[in-house]
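2 protein chains.
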Amino acid sequence: MKIAFIGTGVMGTGIVNNFLKNGQEVTVYNRTKAHAQKLLDSGAKWADSAAEATLNHDFIFTMVGFPKDVEENYFGPKGILSVAKTGQILIDMTTSTPTLAKKIAATGEKIGIGVLDAPVSGGDIGARDGKLTTMVGGDLASYHKALPILASVSKKVNYFGAAGNGQHAKMANQIMIASTMLGLAEWLTYAKASGLDLQETLDTLSAGGADNWSMDTYAPRILKGDFQPGFYAKHLLKDLRIALDEADKLQLDLPATKLAEQLYAKLTDDKGLGDLGTQAIIKLWKQWA
Amino acid sequence: MKIAFIGTGVMGTGIVNNFLKNGQEVTVYNRTKAHAQKLLDSGAKWADSAAEATLNHDFIFTMVGFPKDVEENYFGPKGILSVAKTGQILIDMTTSTPTLAKKIAATGEKIGIGVLDAPVSGGDIGARDGKLTTMVGGDLASYHKALPILASVSKKVNYFGAAGNGQHAKMANQIMIASTMLGLAEWLTYAKASGLDLQETLDTLSAGGADNWSMDTYAPRILKGDFQPGFYAKHLLKDLRIALDEADKLQLDLPATKLAEQLYAKLTDDKGLGDLGTQAIIKLWKQWA
Chain X
1 MKIAFIGTGV
11 MGTGIVNNFL
21 KNGQEVTVYN
31 RTKAHAQKLL
41 DSGAKWADSA
51 AEATLNHDFI
61 FTMVGFPKDV
71 EENYFGPKGI
81 LSVAKTGQIL
91 IDMTTSTPTL
101 AKKIAATGEK
111 IGIGVLDAPV
121 SGGDIGARDG
131 KLTTMVGGDL
141 ASYHKALPIL
151 ASVSKKVNYF
161 GAAGNGQHAK
171 MANQIMIAST
181 MLGLAEWLTY
191 AKASGLDLQE
201 TLDTLSAGGA
211 DNWSMDTYAP
221 RILKGDFQPG
231 FYAKHLLKDL
241 RIALDEADKL
251 QLDLPATKLA
261 EQLYAKLTDD
271 KGLGDLGTQA
281 IIKLWKQWA
Chain G
1001 MKIAFIGTGV
1011 MGTGIVNNFL
1021 KNGQEVTVYN
1031 RTKAHAQKLL
1041 DSGAKWADSA
1051 AEATLNHDFI
1061 FTMVGFPKDV
1071 EENYFGPKGI
1081 LSVAKTGQIL
1091 IDMTTSTPTL
1101 AKKIAATGEK
1111 IGIGVLDAPV
1121 SGGDIGARDG
1131 KLTTMVGGDL
1141 ASYHKALPIL
1151 ASVSKKVNYF
1161 GAAGNGQHAK
1171 MANQIMIAST
1181 MLGLAEWLTY
1191 AKASGLDLQE
1201 TLDTLSAGGA
1211 DNWSMDTYAP
1221 RILKGDFQPG
1231 FYAKHLLKDL
1241 RIALDEADKL
1251 QLDLPATKLA
1261 EQLYAKLTDD
1271 KGLGDLGTQA
1281 IIKLWKQWA
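One line per chain: the protein sequences are X and G, in this order. To convert, note that position 120 of the first sequence is 120 in my numbering; the numbers rise steadily by one, no gaps. With the second sequence counted from 1, adding 1000 to any position gets you my numbering.
Next up, the structure:
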């Protein structure tokens, strides 16, 4: 079984490393070749374009930055769909739009190619440790074929039905996380301004009804002044914009998600801090600037 | 050691029951006597006012609804401070304002009475099981004297320093919870409108970075259509108003908390649903009305 993997950022690198460790044959392509060098040193092969990576491979994965990058890698002149053939299965792991996922799937269906959207949660550590949570949408036959390979890098793989539904599930995840991050930033700021011992307050909140994963993960980093990305602020902003765009299509008002989008836009677009981790949202308050 | 307990709502009843089980002598007072009847049947004594309950007791607890009720029970004509004497320790477990906690403590200090603010988290189940998380502010000597009795109904007791700091810590807790509830309501609504399987989505989100106590506790109730109160929506609204008022005094802008206050006000004041549990916030979306 031959795997092509397009996009060797932090997430892609972690996943490909696990494929290689499991003895899979992997070809990689990335816009910046230097970022793929470690994988090439570990035995991955190089392709000069998404199209070249696609040729003669069974599973073609993409995990790139933004929906426009997904679009280009699938529909561009040297893109996957310029050469893909019946029998191949295309899997987009990027957190991208449900609408684009449906478009790729519809195109694939016309030419007999299996297409799945399979965004993940679990971050860089989940990718490195092969313990991602993978949310899949697309045709069921392709899902069954892809399941062993997805399971090999995941602790949990869930199938959500039609194309785009993997992305919808991921959006639900990001909507939850965004509000949690705001609550975390606001209580830490309130507690600091009130003169409370922050570690003591954190220990207390963690023991009860306020407990959550984001707090357990990011509050200690904030207290140490560590704003490095586990997950980029600019990527959460992208995700929230996708969620709000989809919500618009569903005629849904999501005021907390909208507020989170505004605050992450302030951090990313106005303050230029989008390359920090999502916990840097707290820098919007002068107590932490 | 003789305990007076003023306020026999769900929380107070749970706590007093544990005091009685531990063999303590407890006198109770409540605005509506009928709500104290079960405790009287279990061996608690009755007092006709807060003042009467205070006389000849070592620890005088209050756990009532709103700051105005706290005010009345302490400063009213038949209130605690009309009769309290040196050596007694007064402990307010109501989630109330840090400002009022400081006022009671300052009054107590003048006449040699120990005063603690000791709001709790853990809800009705925590109260029933003696597993509250108790956040204490006030003078250290009184804290040390009260610790054994507080610990007897708590899984965790934390001391936060000066009077009002227990309330500040509780506010931090409520700020965190409020945003979590909004995120929960928004993802469930988004997922429902997108046509996802909600149980499957919940299972997926619980396994990763979106996990939190509110979701684990309330999402299953929402999916069953159970909007009964673990914690009253109207009480969370009260808490958020206290938090925002204190934040104003600290010149802090807390937009997510403000949004939560607006939405819980809509639920409680506009729709008259404040006697439902906090999870009823999701009823603001027509998908759940």
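All residues carry an ideal CB built from backbone N, CA and C; glycine is no exception.
Item to check | CB contact flag (G:ASP1058, G:MET1093, <7 Å) | outcome: no
Checklist entry - So, do the region 18–30 of chain X and the region 155–167 of chain X have three or more beta carbon pairs nearer to each other than 8 Å? => result no
Checklist entry - For X:ALA4, which residues does DSSP report across the bridge? => result X:THR27 and X:ILE60
Next on the checklist: Please state the DSSP three-state secondary structure of G:TRP1046.
Outcome noted: strand
Checklist entry - Fully enclosed by the region 1235–1275 of chain G, which alpha helix (DSSP H) runs are 4 residues long or longer? => result 1255–1265
Checklist entry - Any C-beta of chain X sitting closer than 7 Å to the C-beta of G:THR1204? => result yes
Item to check | Proximal residues, the region 1158–1173 of chain G versus chain X, C-beta separation under 7 Å | outcome: ASN1158, PHE1160, ASN1165, HIS1168, ALA1169, MET1171, ALA1172 and ASN1173
Item to check | Alpha-carbon to alpha-carbon, X:ILE125 and G:GLY1014 | outcome: 43 Å
Checklist entry - Taking the alpha-carbon positions, what's the X:SER194 to G:GLU1246 distance? => result 9 Å
Checklist entry - Any heavy atom of the ligand SAH within a distance shorter than 6 Å of the CB on X:ALA101? => result By its list of ligands, the structure shown contains no ligand whatsoever, and the ligand SAH lies outside what it can speak to.
Checklist entry - Of the residues that make up the region 85–104 of chain X, which ones have a beta carbon closer than 7 Å to any beta carbon in chain G? => result none
Item to check | Own chain residues within Cβ distance below 8 Å of G:ALA1084, not counting five before or after | outcome: THR1054, ILE1060, LEU1090, GLY1108, ILE1111 and ILE1113
Next on the checklist: If contacts are defined as beta-carbon pairs under 8 Å, then X:TYR232 and G:LEU1252 qualify, I think. What distance do you get, rounded to the angstrom?
Outcome noted: About 27 Å separates the two Cβ atoms, so there is no contact after all.
Next on the checklist: Can you look up G:MET1181 in the DSSP assignment and give me helix, strand or coil?
Outcome noted: helix
Item to check | X:THR13 in three-state terms, based on DSSP | outcome: helix
Checklist entry - In the DSSP assignment, what residue or residues form a beta bridge with G:ASP1092? => result G:THR1062 and G:ASP1117
Next on the checklist: Can you tell me whether X:SER154 is helix, strand or coil according to DSSP?
Outcome noted: strand
Next on the checklist: Please tell me whether X:ASN212 has its Cβ less than 7 Å away from any Cβ of chain G.
Outcome noted: yes
Checklist entry - Using CA coordinates, which residue listed in G:GLY1161, G:LYS1283 and G:MET1135 is at the minimum distance from G:ALA1151? => result G:MET1135
Next on the checklist: If contacts are defined as beta-carbon pairs under 8 Å, then X:THR8 and X:VAL28 qualify, I think. What distance do you get, rounded to the angstrom?
Outcome noted: 5 Å
Item to check | Three-state class that DSSP yields for G:ASN1022 in the structure shown | outcome: coil
Checklist entry - Cα-Cα, which of G:ALA1146, G:SER1206, G:SER1179 and G:PHE1075 is closest to X:SER121? => result G:SER1206
Checklist entry - Under 7 Å between the Cβ atoms of G:ALA1178 and X:MET176? => result no
Checklist entry - If you count every other CB in all the chains shown that lies within 10 Å of the CB of X:GLN199, and 16 or more means buried, which is it? => result exposed
Item to check | Other residues of its chain near G:ASP1216: CB distance less than 7 Å, five sequence neighbours each side excluded | outcome: SER1206
Checklist entry - Does any C-beta atom of chain X lie closer than 7 Å to the C-beta of G:SER1194? => result yes
Checklist entry - G:ASP1275 to G:SER1154, Cα distance in whole Å? => result 26 Å
Checklist entry - Which bits of chain A does G:LYS1156 rub up against, with CB to CB less than 9 Å? => result The displayed structure is made up of protein chains X and G, and chain A is not among them.
Checklist entry - Do X:ARG221 and X:GLN279 have their CB atoms nearer than 7 Å? => result yes
Checklist entry - Taking all protein chains shown into account, do 16 or more other C-beta atoms lie within 10 angstroms of the C-beta of G:ASP1203, making it buried, or fewer, making it exposed? => result exposed
Next on the checklist: For a cutoff of 7 Å on Cβ pairs, would you count G:GLU1025 as touching chain X?
Outcome noted: no
Checklist entry - Do G:ILE1281 and G:LEU1323 come within 7 Å of each other at the CB atom, strictly closer than that value? => result What the structure shows of chain G is the stretch from 1001 to 1289, and residue 1323 of chain G is not part of that stretch, so it cannot be assessed.
Checklist entry - Taking the alpha-carbon positions, what's the X:LYS271 to X:PHE227 distance? => result 14 Å
Checklist entry - If the cut is a Cβ gap below 8 Å, which residues of chain G does X:LEU254 touch? => result GLU1186, THR1189 and TYR1190
Checklist entry - Should X:ASN56 and X:ILE6 be called a contact, given that it needs their Cβ atoms to be closer than 7 Å? => result no
Checklist entry - For chain X, is any of its Cβ atoms less than 7 Å away from the one on G:ILE1015? => result no
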